[in-house]
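Visitor: Take this structure first; my questions come after.
Protein chains: 2
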Amino acid sequence: VKPVYLALLHHPVRDRAGEIITTAVTNLDVHDIARSARAYDLAGYFLVTPIEAQAQLIERILEHWRSGAGARRVPERAEALRLCRTAPSLGVVVRQVEREAGEAPKVLVTSARAVSEASPLEPAQARALFDRAPAILVFGTGHGLAPEVLAGADGALAPIRRHASYNHLSVRAAVAITLDRLFGDGVGDGVVAGRV
Amino acid sequence: VKPVYLALLHHPVRDRAGEIITTAVTNLDVHDIARSARAYDLAGYFLVTPIEAQAQLIERILEHWRSGAGARRVPERAEALRLCRTAPSLGVVVRQVEREAGEAPKVLVTSARAVSEASPLEPAQARALFDRAPAILVFGTGHGLAPEVLAGADGALAPIRRHASYNHLSVRAAVAITLDRLFGDGVGDGVVAGRV
Numbered sequence: 004v005k006p007v008y009l010a011l012l013h014h015p016v017r018d019r020a021g022e023i024i025t026t027a028v029t030n031l032d033v034h035d036i037a038r039s040a041r042a043y044d045l046a047g048y049f050l051v052t053p054i055e056a057q058a059q060l061i062e063r064i065l066e067h068w069r070s071g072a073g074a075r076r077v078p079e080r081a082e083a084l085r086l087c088r089t090a091p092s093l094g095v096v097v098r099q100v101e102r103e104a105g106e107a108p109k110v111l112v113t114s115a116r117a118v119s120e121a122s123p124l125e126p127a128q129a130r131a132l133f134d135r136a137p138a139i140l141v142f143g144t145g146h147g148l149a150p151e152v153l154a155g156a157d158g159a160l161a162p163i164r165r166h167a168s169y170n171h172l173s174v175r176a177a178v179a180i181t182l183d184r185l186f187g188d189g190v191g192d193g194v195v196a197g198r199v
Numbered sequence: 004v005k006p007v008y009l010a011l012l013h014h015p016v017r018d019r020a021g022e023i024i025t026t027a028v029t030n031l032d033v034h035d036i037a038r039s040a041r042a043y044d045l046a047g048y049f050l051v052t053p054i055e056a057q058a059q060l061i062e063r064i065l066e067h068w069r070s071g072a073g074a075r076r077v078p079e080r081a082e083a084l085r086l087c088r089t090a091p092s093l094g095v096v097v098r099q100v101e102r103e104a105g106e107a108p109k110v111l112v113t114s115a116r117a118v119s120e121a122s123p124l125e126p127a128q129a130r131a132l133f134d135r136a137p138a139i140l141v142f143g144t145g146h147g148l149a150p151e152v153l154a155g156a157d158g159a160l161a162p163i164r165r166h167a168s169y170n171h172l173s174v175r176a177a178v179a180i181t182l183d184r185l186f187g188d189g190v191g192d193g194v195v196a197g198r199v
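Protein chains in written order, with the numbering used here: chain W, 4 to 199; chain A, 4 to 199.
Shown next, in the form of structure tokens:
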């Protein structure tokens, strides 16, 4: 298990018009992203929402699958969902990771478009960073992370489809691809032909 | 646009116990996978189910987002869903692709575990194949494609997490990662550090 965490923000994120909103939690964002986080050996997955009723909804989903009837019926789902926690803000996530990892984490943001404030990190650069410090990979729901989150980060990962005409991947797909680029089988051990 | 198509099979697939079943269509399998297929410039995405009522459900979803109120509100979703079609079986998909592409397609299957009947194709080998013939990438719902589908294919892609202890990615995540490994920005043009 690497000291790398995921955070999925439901606030502050942008809507289509660029306004700052709070999105509703999507059930499959809990499940799919937990399974991806588990498959790539992350240390934890925070679902971030300032709305208490939404956090309670997530906790009920987690309870069902982690210790209720769901856990007996689908044990591999329970294993993935054990990584999940809720948090009211990214700041709380940062402090929690610092407590667990014993060191202040680097906050790396993601965006479908280039974040102008900084040169994006390529996968190899991000991996070098993970060797030196704990890290939080931050993804946004809606139409992406608010400018204040992008501006306040320690770095930004390169957009996934920066040279493509269509870059409207779901956040579930974006998380999966990002984790595979950073931690996939082909990385480092040279087992996959055509990848380093 | 490459002559590479996706097929998501709801039958014949396995359940947890290995029995052959027909799964129900999941709304997000329509949306998420269409967006991934569009982002990576595929030629089409077939949702395969032998159940007519399920095919009609999919067609209603497609109608809403492609030409109804949804298309005006979220045009990039309409653009992705224009790739979608339903088909009653993989055989029908093969014949349809042959008509469109003017040549019999290669059928490449995917699996979370190694398919014993053949050596898996690495991404570079699959890309070499796409240069020579149209192709269909086949993904299974439930607990994966039935043995008869695996055995009848022209080739199998290597499992995504073959060296990991946990390989229960969602099919939505598996499709996204597979397309990125085959067609991602880092492939071929050398723009992503650390990948070929």
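We put the beta carbon where it would ideally sit given N, CA and C, even for glycine. Note that the structure is predicted; figures quoted are calculated from it, not measured.
(1) Should aspartate 134/A go down as buried or exposed, given a rule of 16 or more other Cβ atoms within 10 Å for buried?
(2) So, with DSSP's three-state summary, where would you put threonine 52/W?
(3) Using a Cβ cut-off of 7 Å, pull out every chain A residue sitting near glutamate 220/W, in sequence order please.
(4) For a quick check, are the C-beta atoms of histidine 146/W and arginine 63/W less than 7 Å apart?
(5) Which of the residues in the segment 71-82 of chain A, read from start to end, lie with their CB under 9 Å from any CB of chain W?
(6) Kindly say whether glycine 197/W, judged by its beta-carbon, lies nearer than 7 Å to any beta-carbon of chain A.
(7) Where in the segment 74-101 of chain W do unbroken runs of the beta strand (DSSP E), each at least 3 residues long, occur, reported from the N-terminal end onward?
(8) What does aspartate 134/A reach in chain W if we use C-beta pairs closer than 8 Å?
(9) Nearest chain W C-beta to isoleucine 54/A closer than 7 Å, yes or no?
(10) Pull the bridge partners of valine 112/W from the DSSP assignment, please.
(11) Nearest to arginine 164/A by alpha carbon, out of Gly143/W, Asp188/W and Arg175/W?
(12) From the beta carbon of leucine 50/A, is the nearest beta carbon of chain W less than 7 Å away?
(13) From the DSSP output, in three-state form, read off valine 194/A for me.
(14) Can you confirm whether glycine 193/A, when its beta carbon is compared against all beta carbons of chain W, has any partner nearer than 7 Å?
(15) List, in chain order, every chain W residue whose beta-carbon is nearer than 9 Å to that of arginine 38/A.
(16) Do histidine 252/W and glutamate 79/A have their C-beta atoms within less than 7 Å of each other?
(17) What does DSSP give as the partner residue(s) for tyrosine 8/A in the beta ladder?
(18) Near valine 4/W, which residues of its chain fall below 7 Å by C-beta distance, leaving aside the five closest residues on each side in sequence?
(19) Rounding to the nearest angstrom, what Cα-Cα distance links isoleucine 54/A and alanine 176/A in this structure?
(20) Does DSSP classify threonine 181/A as helix, strand or coil?
(21) Helix, strand or coil: how does DSSP classify leucine 172/A here?
(22) If the cut is a Cβ gap below 8 Å, which residues of chain W does aspartate 18/A touch?
(23) Closest Cβ-Cβ distance between glycine 145/W and chain A: below 7 Å?
(24) Using a Cβ distance threshold of 8 Å, determine whether the segment 139-157 of chain A contacts the segment 12-32 of chain A, with at least three qualifying pairs required.
(25) With a CB to CB cut of under 8 Å and the five nearest residues on each side skipped, what residues in its chain are close to threonine 25/A?
Guide: Considering the structure as presented:
(1) exposed
(2) coil
(3) Outside the shown range of chain W (4 to 199) lies residue 220/W, about which nothing can therefore be said.
(4) no
(5) Arg76, Val77, Glu79, Arg80 and Glu82
(6) Residue placement at glycine 197/W cannot be trusted, given a pLDDT of 34 that sits under 50; what the coordinates show is reported in the next sentence. Glycine 197/W counts as touching chain A.
(7) 87-90
(8) Those within 8 Å of aspartate 134/A in chain W number zero; the least Cβ separation is about 14 Å.
(9) no
(10) Val141/W and Ala159/W
(11) Asp188/W
(12) no
(13) Because the pLDDT of valine 194/A is 37, which lies under 50, any placement of that residue in the model is unreliable, and the question is left without a value.
(14) Confidence at glycine 193/A is low in this model, with a pLDDT of 36, below 50, so its placement is unreliable and the value that follows should be read with caution. So, not an interface residue.
(15) Tyr169, His171, Leu172, Ser173 and Ala176
(16) Past the edges of chain W, shown from 4 to 199, lies residue 252/W, and the structure says nothing about it.
(17) Gly47/A and Ile139/A
(18) Asp44 and Ala46
(19) 25 Å
(20) helix
(21) coil
(22) Those within 8 Å of aspartate 18/A in chain W number zero; the least Cβ separation is about 12 Å.
(23) no
(24) yes
(25) His13, His14, Pro15, Val16, Thr52, Pro53 and Ile54
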